[in-house]
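Protein chains in written order, with our numbering: chain A, 54 to 447; chain B, 394 to 828. Beta carbons are placed, not taken as given, at the ideal position from N, Cα and C, and that holds for glycine.
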């Protein structure tokens, strides 16, 4: 402990303004903050300050996402072995997943954090711990087969264009992780969509037999023929309710398990980190729009219209997006009432995009980004309303 | 919260020195009327306000002016007076009886208060400046509760002062033509005898004791925004002046906080040195001396004095060390408004210190500030409007309703100095030419 303290104390002067590494002071501060609490005392009233810091706030999100990460590793291994038609013990499965996923996570952190440091040095702002959250969320939304260089480009785009050019965390209006994900989706559709990308391939097995890859539930659902309901089609493809809820199906790395997303969301709500207003708004939006579309279902209509809305919450990345992406407080509206509206619109849009737009099997990513753009507008209306309720004091 | 004062009330002997701190009086421009070495009595004019020479500030002790301490840009920080221990002379003023008060002209009452040097007990919302004696207040608010950690409890400072308080309320009624609102907090009620004087009972935590909070929740029209207010102890001073015809210097002060050797109430005087309350040896090396409550008070060194409005000295740990792996500490003992520490489940007494507990970051819209604001301002939005110099916008947000309680700065995880910014913006707006 003493050793670490001494190390930081001895390096401090180098990073002080005017020192040889003065430009990188924010980097020093961010790293020191991981090991040590602040030594600063307040200079003005109020004299005591809350123990909660942004560091702690962001760490809570990371803790809530970690189960999804570990599940994702296991599931990636599981799907790969299943596709190859081989069975193996839990540890080999998990280990294969670790080997597939960890490089993506590490590359994301390396590039994301590097951009944050560079911008902090050039733009002279502090390093916000938000980047750690962005960098854990981003790889979990990727297909496990994503080339490493694409992960690097994606997170770079997300952090730089989605956030830094607007002044860093707190001033961005788009969710940086999703911005990066959307960039990859549109720039490299071959690696980001289709049936093959969602299952990592065992190196040896691929030579012996062709790996059997399966379509994701969303593709199955969208491709339902008029001969049966979507539920039946999903069931035939092996996606019963239990599978969808637990997440053991080919999907992006960490986004498939509705169960773990639900746990994460509940934990974040209990900790007061995520806004329950957004999460409930999302869910209400999905369900309401789902039931609304049910009204139009019937003979000759698209089979997707009559899907039970709760399936929307179980399939694909909806749960992950709701729990961890919509709740990003910065890109969400900054008033409570607006957060209800924001959530509702995201939920409704997700369903609309999924059902009516066969080109985009997954709707939540675009729905969130779209509503990110509208968040300030909803905010503005709410603020106007609240101001009109005040007795003016000018 | 650790360090709450007991209700014990100890009377202290008079100190050798007392001081008047003109720069703790809001907005005034003092013009000195004495010089170093002058002899003064209790109640001798020390300085007046250049903006309105009728507003006079009188000596809280009889003796010799020892030194006049100037700060940056010739701000008068302190007028220190050596007290004559044996013979402390008093200036005399006209006393009035309760009956005379009833028949007296309001104008004459105002003049008596101005002459008696106690106009400063009144302040006017929203800027908390001294009101113009020529004007008629829309209302006068008398707050009798003390929710800020830690201020003297009404039931302690009102002991044996019931008659004065009743007289004081009568004075207020005369001044405001019966538009007096007196309130107290239900959780720490004043003595029963005072209840008939009260018009409102409020509930809630700090700052429900603030006249600004009270006004925000009771007002029905913008006309009331410029109400005056007076604190319970200050009203006792005023009542004493008018009833007894002598400049009053009584004060009940709490010494509290987790570093205070013996947290309790003391009966003493205005403007005493801090070392009179807590011996220098007992202050401790790492204690911060906060004159006033923890959320609004000012930090002072151990040679400082109490300001005239202040009624508390809080000693809390500075907390300047950095804690190893504090980020990963479950935090059973770490006080927080959020739910990210186990302390939320800890019913025990928690200790606060003055560490900032985190680096300064950009706002992440966690909404804690707008959840906690007692007057429904959205501090994160108003703050951005202030930074953008959008005067109209931040006034619409209700900046002038801000009671300067400090809670938004307290809860902010990004450690943004919201309250400081609001106070400065209000002060800047107050100094703008009218219109």
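Residues of chain B with CB under 9 Å from residue 433(A), in chain order?
Simply none; closest approach about 10 Å.
Does DSSP put residue 393(B) in a helix, in a strand, or in coil?
Any property of residue 393(B) remains undetermined from this structure, which presents chain B solely from 394 to 828.
Would residue 185(A) and residue 206(A) be called neighbours here (beta carbons separated by less than 9 Å)?
Cβ distance not < 9 Å, so residue 185(A) and residue 206(A) don't count as in contact.
Can a CB atom of chain B be found closer than 9 Å to the CB of residue 445(A)?
It does; some Cβ of chain B falls within 9 Å.
DSSP three-state label for residue 672(B), please.
Note: residue 672(B) maps to coil in three-state DSSP.
Sub-9 Å separation of residue 336(A) and residue 400(A) beta-carbons
Yes, these two residues count as a Cβ contact at 9 Å.
For the 8 Å Cβ check, are there 3 or more pairs between the segment 365–380 of chain A and the segment 187–197 of chain A?
Cβ pair count under 8 Å is three or more, so yes.
Comparing alpha-carbon positions, which option in 116(A), 275(A) and 385(A) lies nearest residue 320(A)?
Of 116(A), 275(A) and 385(A), the residue nearest in Cα terms is 116(A).
Would DSSP call residue 351(A) helix, strand or coil?
In the three-state DSSP reduction, residue 351(A) falls in the coil class, being neither helix nor strand.
Where residue 177(A) and residue 79(A) are concerned, what is the direct C-alpha to C-alpha distance, given to the nearest angstrom?
Taking the straight line joining both Cα atoms gives about 8 Å.
Length at least 4, wholly inside the segment 408–438 of chain B: the alpha helix (DSSP H) runs in chain order:
Under the rule that a run must span 4 or more residues, no alpha helix (DSSP H) segment is found entirely inside the segment 408–438 of chain B.
Chain B beta carbons: is any one of them nearer than 9 Å to that of residue 113(A)?
So yes, residue 113(A) belongs to the interface.
If I'm right that residue 167(A) touches residue 76(A) with Cβ under 8 Å, what's the distance once you round it to whole angstroms?
About 14 Å separates the beta carbon of residue 167(A) from that of residue 76(A), a gap too long to meet the 8 Å contact definition.
With contact counted as at least three CB pairs below 8 Å, one residue from each stretch, are the segment 538–547 of chain B and the segment 471–484 of chain B in contact?
No, the segment 538–547 of chain B does not touch the segment 471–484 of chain B.
Return no unless some Cβ of chain B is closer than 9 Å to the Cβ of residue 72(A).
The beta carbon of residue 72(A) does not come within 9 Å of any beta carbon belonging to chain B, so the residue lies off that interface.
Would a check of beta-carbon distances place residue 652(B) closer than 9 Å to chain D?
Looking for chain D here will not work: the only protein chains present are A and B.
Since residue 95(A) meets chain B, which of its residues come closer than 7 Å, beta carbon to beta carbon?
By Cβ distance, chain B contributes 747 and 749.
Pull up the DSSP beta-bridge partners for residue 624(B), would you.
The bridge partners DSSP lists for residue 624(B) are 536(B).
Given this structure, state the Cα-to-Cα distance separating residue 768(B) from residue 244(A), to the nearest angstrom.
C-alpha separation (whole angstroms): 53 Å.
Please list the segments of the beta strand (DSSP E) lying wholly inside the segment 548–618 of chain B, counting only runs of 3 or more residues, in order along the chain.
For the segment 548–618 of chain B, the full-length beta strand (DSSP E) segments reaching 3 residues or more read 573–578 and 593–595 along the chain.
Proximity test, Cβ basis, 9 Å: residue 572(B) and chain A:
So, not an interface residue.
Contact residues within the segment 721–741 of chain B, judged by C-beta distance below 7 Å to chain A:
For the segment 721–741 of chain B, the beta-carbon criterion of a distance under 7 Å to any beta-carbon of chain A is satisfied by 724, 727, 728, 729, 730, 731, 732, 733 and 734.
Unbroken alpha helix (DSSP H) run spanning residue 381(A), endpoints
Unbroken run through residue 381(A): none, as it is neither H nor E.
Against residue 324(A), what residues of chain B qualify as contacts under a CB-to-CB distance less than 8 Å, listed in chain order?
Chain B residues near residue 324(A): 731, 732 and 733.
Entirely enclosed alpha helix (DSSP H) segments - the segment 291–371 of chain A, minimum 4 residues
Within the segment 291–371 of chain A, the complete alpha helix (DSSP H) runs of at least 4 residues fall at 294–299, 311–324, 329–347 and 362–367.
If you follow the alpha helix (DSSP H) that residue 764(B) is part of, which residue opens it and which one closes it?
Per DSSP, residue 764(B) is one residue of the alpha helix (DSSP H) stretching across 761–765.
Between the segment 717–737 of chain B and the segment 117–130 of chain A, are three or more C-beta pairs nearer than 8 Å?
Here the segment 717–737 of chain B does not lie against the segment 117–130 of chain A, with fewer than 3 beta-carbon pairs under 8 Å apart.
To test your reading of the DSSP string, which unbroken alpha helix (DSSP H) runs of 4 or more residues are found completely within the segment 101–169 of chain A?
List check, alpha helix (DSSP H) in window: 107–136.
Using beta carbons (cut-off 9 Å, strictly below), is residue 425(A) in contact with chain B?
No, residue 425(A) does not count as interfacial toward chain B.
Classify residue 672(B): buried if its beta carbon has 16 or more other beta carbons within 10 angstroms, exposed otherwise.
With fewer than 16 neighbouring CB atoms inside 10 Å of its own CB, residue 672(B) falls in the exposed class.
Put residue 715(B) into one of helix, strand or coil per three-state DSSP.
Assigned with DSSP and collapsed to three states, residue 715(B) falls in coil, not helix or strand.
Relative to the C-alpha of residue 621(B), which residue among 520(B), 597(B), 782(B) and 614(B) is closest?
When only C-alpha atoms are compared, the closest one is 520(B).
Residue 730(B): buried (16+ other C-beta within 10 angstroms of its C-beta) or exposed?
When all chains shown are included, residue 730(B) counts as buried.
If we cut at 9 Å on Cβ distances, does residue 177(A) have a partner in chain B?
By this cut-off, residue 177(A) is not an interface position.
Using three-state DSSP, classify residue 705(B) as helix, strand or coil.
Strand at residue 705(B).
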